[in-house]
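The structure appears right after this line, and notes come after that.
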Amino acid sequence: MLVVILGNIVYVGWGHLSWEFLTQVPRAGMTQGGIYPAIFGTAALVLLMTLAVLPLGVMTAIYLQEYAPQGSRWVPLVRLAVQNLAGVPAIVFGLFGLGFFVSFVGREIDHFLYGGRLVYGQPAILWAALTMALLTLPTVVVTTEEALRAVPQGLREVAYALGATRWQMVHHVVLPQAIGGMLTGGILAVSRGAGEVAPILFTGAAYYLPYLPTHLNDQFMELGYHVYVMTTQSPDVEATKPLLYSTVLVLLLLTFALNFVAVLVRAQFRRRQMR
Amino acid sequence: MEHHPETPKLKIEGLNVWIGTTPVLTSVTFDVPEHTILSLIGPARSGKTTLLRALNRLNELNVAFRTAGQVYLSGQPVYGNGMDVASLRRRLGMVFSTPTPLPMSVWDNLTLGPRLKAVQSRTELERLVESSLKAAFLWDEVKDRLRESALKLSGGQQQRLCLARTLMLEPEVLLLDEPCSGLDPISTAKIEEALQELKRILTVVLVTNNVKQAARASDLTGFLLMGELVELNDTEELFTTPQDPRTADYVSGRFG
Amino acid sequence: MRWVERCIETTIRASAFTVILALVLIFVFIGKEALPILTSPSVRQEASLRQLFGTIVWQPVSTVPQYGLLPLLLGTLKVTVIALLVGGPLALSAALFTSEFAPPWVREVLKPSVELLAGIPSVVLGFFALMVLASWLQSVFGWTYRLNAVNAGIALAFAVIPIVYTVAEDALTSVPRSYREGSIAMGADAWQTAWRVVVPAAFPGIFAACVLGFGRAIGETMIVLMASGNAPIFSAALTDSARSLSATIAAELGEVVVGSAPYHVLFLIGSLLFVLTFLTNLAGHWFVTRLREKLEGR
């Protein structure tokens, strides 16, 4: 079945895939032209998202594995929060992004910094990225925790015996060992973020924009959202079909490539640890 | 026994350690004079390693351990509020029972300790690396391989690297936890030879499950059994005329 | 030196608590926007609880707006149940197969394939269901509506399979080898061992897999939004178009006025989804913990 889905998409989508398709803006009611703004928007979105989610996720994992006192009551609570965050539907994240980031944080920023002028109190790439960061947080926390857990306890003792403080131990011994796992988590999060649409529906994605987002409060086009829009709201389905297939193919290739890189990175670092 | 200064380097007083509610050490009291090698022998699970790790407060890493009693390092209480644990552990350098090279180059392994102390001077580090490697009888084997991964060294070399890495801290006391347990006789001999040299500048506490090693390498020997220090004496006397029948049984190989 | 250490520790602790805070904030901010349904008289007049849960018409953008949630609940139920009925057995038997019978090379192929399946963005699955699967199903079965609950359910099954498979496979492989050896020593064959010994031993984990799959299914938005036809029809027929709670939010939040009655109703739906998935997750992880305790003999 996997083969059927992929085969169908690759077969139909390949034909229209060209350099122009990847580098041009949509034209003629999105029946012609390319998807460059959507690719750019996706990249910008996941970049911002990564900047937010990696530090937060990695530090949370470090807390759970290295800093929390043994038997602390907080550890199960944080784990529970992570697990449940992973189960929250994507659309609920979208609602939250709108209710919290856009309507609350954004409005307050406008109120205090811009005298009530509408700057951040509207859907924007920043809010979409932060919403997406929350969605991908569990992925980063769980993979980082796994990587930290794989570092032998003996190495931590060595660091302490050499007079390391806790942070020195983490910084000089644990993190260099765990960096592969952390990278894997980051890439998986990016792959997840590049594929999700529901959280950005109301927090910043746009149907059609002829320009690229240049400010944090700009709206943006995004591949997944572009697929959704073209599939369900296109005025002329038959005319957009080849473009649509190619867009789906690009999105698939992107997420698969990211997943594949994650697997490679993990394997590479595992081998290095064996040696 | 020619070394007997007024204050012992280490003074252990009424040391008790529990894991959970199980006692591991009961009222252990003894002195370690400066510039001596003191061996601790005893059967497996008699509390030797716990005792050693109580000296540099490494047991604290596991909350299940509880410690009572006091240890004095040059008269200074180790278990005290004012004691900075990190600098304490630099004064009491430790080598573990299995080689524990960090997955980095030989040079990075060696210089990690000084770098943690913010020693950055290249010349200073080079001087320390050379003297430590020489003291651990490893200099000739690795002086051209400092940039290679430490994991590529043989087991015996790795353990001597760990010894050298500890010496980089310029510790006052060396705590060795069965440092030769997995090593071949040649590496073992090299480490023992190194200890005889090192004794002139520092004090050594050596935990070993090899009774012969204790007899060969140490000035003083203590015998631990089920968390209790049964007997501690001049090594030769302990082996030739043990005061306690349990010691006699153990050193003659009747159990353990 | 000392204070650097302090700062770092504080930052790290703070980020861990941010995670808890995030979950609480989600609950608070979605609940806050749903609250007017209970508290604000004007909203209550337009969308009373009795209307929400007692009527069967969902028509928020007509001259006399009607907010009956029942067709949405029914739609969610239909799609979810179909997804679990299609995906569940498939995923569970695949898990049993990989853990008990499959030669290593099959395992090496199957596990990454499932991971690959999990990596397909849901919008792509929705797209596939809409463009290909729907036409195909219609030409085979001759249904009136091209987009219907069955179509969405089957597409949703693709999203459910990876999570059910992963959790179930974990549970099955965590059964100690000694159980299997004991069974085989008593003369049971591989099939009897799997069915009579391994599956019962791993049961809490398998159940957890289904619960977590259920949670994934009710929350999934894009697939249902694209593949179900989105008509809020209150009917039991599986081949009618259907609309789920999550798809309703996605389809309508963009068009409602902030602060209006339908806006609050949509957030109420969001709260409902949040609470539902929260509970299924808690239950799922509780069963996983039970399994671990059981296998460790506590």
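Protein chains in written order, with my numbering: chain A, 453 to 727; chain B, 332 to 587; chain C, -10 to 287.
No residue lacks a Cβ here, since even glycine has one placed at the ideal position from N, Cα and C.
C-beta neighbour in chain A for F18 of chain C, strict 8 Å: Residue 18 of chain C sits at position 29 when you count from the first residue of the third sequence. Chain A, which has a Cβ nearer than 8 Å to the Cβ of F18 of chain C, makes this yes.
Is there a Cβ of chain A sitting closer than 8 Å to that of T0 of chain C, yes or no? As a working mapping, residue 0 of chain C is identified with position 11 in the third sequence. It does; some Cβ of chain A falls within 8 Å.
Determine the closest residue to P575 of chain A out of A:Y680, A:N711, A:F654, with distance taken between C-alpha atoms. For the purposes of this step, residue 575 of chain A is taken as residue 123 along the first sequence, with counting starting at 1. Of the candidates A:Y680, A:N711, A:F654, the one whose C-alpha sits nearest the C-alpha of P575 of chain A is A:F654.
Any idea what DSSP makes of G587 of chain B, helix, strand or coil? Translated into the one-based positions of the second sequence, residue 587 of chain B becomes position 256. Any answer about G587 of chain B is weak, because its pLDDT of 49 lies below 50 and its placement is not dependable; what the coordinates show is given next. Coil at G587 of chain B, not helix or strand.
Does DSSP put R569 of chain A in a helix, a strand or coil? Counting from 1 along the first sequence, the entry for residue 569 of chain A is found at position 117. It is coil, neither helix nor strand.
DSSP bridge partner residues for Y56 of chain C (one or two, in chain order): The residue labelled residue 56 of chain C in the question sits at position 67 within the third sequence. The partner list for Y56 of chain C (beta bridge, DSSP) reads C:W47.
Closest Cβ-Cβ distance between L280 of chain C and chain A: below 8 Å? For the purposes of this step, residue 280 of chain C is taken as residue 291 along the third sequence, with counting starting at 1. For L280 of chain C, the answer is no, since every Cβ of chain A falls outside 8 Å of its Cβ.
In the DSSP assignment, the alpha helix (DSSP H) including W349 of chain B goes from what residue to what residue? Locating residue 349 of chain B in the second sequence gives position 18, counting from the first residue. Counting along the chain, W349 of chain B falls outside any alpha helix (DSSP H), though it belongs to the beta strand (DSSP E) covering 341 to 350.
Please tell me whether A148 of chain C and E209 of chain C are closer than 8 Å, where the distance is taken between their beta carbons. Indexing the third sequence from 1 puts residue 148 of chain C at position 159. Indexing the third sequence from 1 puts residue 209 of chain C at position 220. Taking 8 Å as the Cβ cut-off, A148 of chain C and E209 of chain C qualify as a contacting pair.
For V359 of chain B, which residues does DSSP report across the bridge? One-based indexing of the second sequence puts residue 359 of chain B at position 28. Note: V359 of chain B sits in a beta bridge opposite B:L346.
Helix, strand or coil, according to DSSP, for S370 of chain B in the structure here? Looking up residue 370 of chain B in the second sequence gives position 39. In this structure, S370 of chain B counts as strand in the three-state DSSP scheme.
Hey, A190 of chain C and Y168 of chain C are a contact pair by Cβ (cut 8 Å); roughly how many whole angstroms apart? By 1-based counting over the third sequence, the position of residue 190 of chain C is 201. By 1-based counting over the third sequence, the position of residue 168 of chain C is 179. So it is a contact: roughly 6 Å between Cβ atoms.
Let me know the secondary structure DSSP gives V557 of chain A once reduced to three states. As a working note, residue 557 of chain A is residue 105 in the first sequence. Note: V557 of chain A maps to helix in three-state DSSP.
Please compile the residues from chain B whose C-beta is within a distance smaller than 9 Å of the C-beta of A616 of chain A. Numbered from 1 along the first sequence, position 164 holds the residue referred to as residue 616 of chain A. Going along chain B in sequence order, the residues near A616 of chain A (Cβ under 9 Å) are A417, R420, L443, G444, L447.
Is any beta-carbon of chain A found at less than 8 Å from that of L66 of chain C? Counted from its first residue, the third sequence places residue 66 of chain C at position 77. It does not: the Cβ of L66 of chain C has no partner Cβ on chain A nearer than 8 Å.
Beta-carbon separation (whole angstroms), M425 of chain B vs L506 of chain B, contact threshold 8 Å: In the second sequence, the residue the question calls residue 425 of chain B occupies position 94. In the second sequence, the residue the question calls residue 506 of chain B occupies position 175. Yes, they are in contact, since the Cβ atoms of M425 of chain B and L506 of chain B sit about 4 Å apart, within 8 Å.
Can you round the beta-carbon distance between L262 of chain C and L234 of chain C to whole angstroms, since I take them to be within the 8 Å contact cut? Locating residue 262 of chain C in the third sequence gives position 273, counting from the first residue. Locating residue 234 of chain C in the third sequence gives position 245, counting from the first residue. Contact flag correct, Cβ pair sits at about 6 Å.
Using 8 Å as the threshold, is the stretch 615 to 633 of chain A in touch with the stretch 690 to 707 of chain A, meaning 3 or more CB pairs across them? no
Can you grab the Cα-Cα spacing for the pair M332 of chain B / R531 of chain B, in whole Å? Residue numbering aside, residue 332 of chain B sits at position 1 when the second sequence is read from its first letter. Residue numbering aside, residue 531 of chain B sits at position 200 when the second sequence is read from its first letter. Note on M332 of chain B: pLDDT 42, under 50, position unreliable in the model; no value is reported.
Return the residue from the list B:E509, B:H366, B:I368, B:W349 that minimises the CA-CA distance to V359 of chain B. If you number the second sequence from 1, residue 359 of chain B lands on position 28. Of B:E509, B:H366, B:I368, B:W349, the residue nearest in Cα terms is B:W349.
Let me make sure I understand the geometry here. Which of C:V17, C:P25, C:L74 has the alpha-carbon closest to that of F556 of chain A? Taking the first sequence and counting its residues from 1, the one referred to as residue 556 of chain A is at position 104. Here the closest residue by C-alpha is C:V17.
Across which residues does DSSP place M425 of chain B in a beta bridge pair? On the second sequence, position 94 is the one that residue 425 of chain B refers to. Note: M425 of chain B sits in a beta bridge opposite B:L506.
To the nearest angstrom, report how far apart T578 of chain B and V355 of chain B are at their CA atoms. Position 247 of the second sequence, counted from the first residue, corresponds to residue 578 of chain B. Position 24 of the second sequence, counted from the first residue, corresponds to residue 355 of chain B. Approximately 19 Å, taken between the alpha carbons.
Taking C-beta pairs closer than 7 Å, name the residues in chain C that S643 of chain A reaches, listed in chain order. As a first step, residue 643 of chain A must be located in the first sequence, where it is residue number 191. Here the neighbours are G108.
What does L607 of chain A reach in chain B if we use C-beta pairs closer than 7 Å? Position 155 of the first sequence, counted from the start, is the residue given in the question as residue 607 of chain A. Here the neighbours are T431, L433.
Where does F18 of chain C fall in DSSP's three states? Walking along the third sequence from the start, residue 18 of chain C turns up at place 29. The answer is helix: DSSP assigns F18 of chain C an H, G or I state.
For S235 of chain C, decide whether its Cβ has a neighbour in chain A, counting only Cβ atoms nearer than 8 Å. For the purposes of this step, residue 235 of chain C is taken as residue 246 along the third sequence, with counting starting at 1. Judged by the 8 Å Cβ criterion, S235 of chain C is in contact with chain A.
Tell me the DSSP secondary structure of T552 of chain B in three-state form. Translated into positions along the second sequence, residue 552 of chain B becomes position 221. Here T552 of chain B sits in strand by DSSP.
Of all the CB atoms in chain A, is at least one closer than 8 Å to the CB of M414 of chain B? Sequence index remark: in the second sequence, residue 414 of chain B carries index 83 (1-based). No, its Cβ sits nowhere closer than 8 Å to a Cβ of chain A.
What did DSSP end up calling E(-2) of chain C once you bin it into helix, strand or coil? Stepping through the third sequence from its first residue, residue -2 of chain C is reached at position 9. Three-state result, E(-2) of chain C: helix.
With DSSP as the reference, please indicate the residues paired to L560 of chain B in a beta bridge. Residue 560 of chain B sits at position 229 when you count from the first residue of the second sequence. Beta-bridge pairing links L560 of chain B to B:L555.
Examine chain C for any beta-carbon lying closer than 8 Å to the beta-carbon of E597 of chain A, and answer yes or no. Sequence index remark: in the first sequence, residue 597 of chain A carries index 145 (1-based). No, because no Cβ of chain C sits closer than 8 Å to the Cβ of E597 of chain A.
Distance, Q181 of chain C Cα to S88 of chain C Cα: Within the third sequence, residue 88 of chain C is the residue found at index 99, counting from 1. Within the third sequence, residue 181 of chain C is the residue found at index 192, counting from 1. Spanning the two alpha carbons is a distance of roughly 14 Å.
What are the boundary residues of the beta strand (DSSP E) that R376 of chain B is part of? Your numbering for residue 376 of chain B matches position 45 in the second sequence. Following the DSSP letters along the chain, one finds R376 of chain B in no beta strand (DSSP E), marked with neither H nor E.
Just how far apart, CA to CA, sit P301 of chain B and A616 of chain A? The structure shown does not extend to residue 301 of chain B, since chain B is modelled only from 332 to 587, so the question has no answer here.
Counting along the chain, where does the alpha helix (DSSP H) carrying G400 of chain B start and finish? The residue you call residue 400 of chain B lines up with position 69 of the second sequence. Where G400 of chain B is concerned, there is no enclosing alpha helix (DSSP H), although the beta strand (DSSP E) it sits in stretches over 396 to 404.
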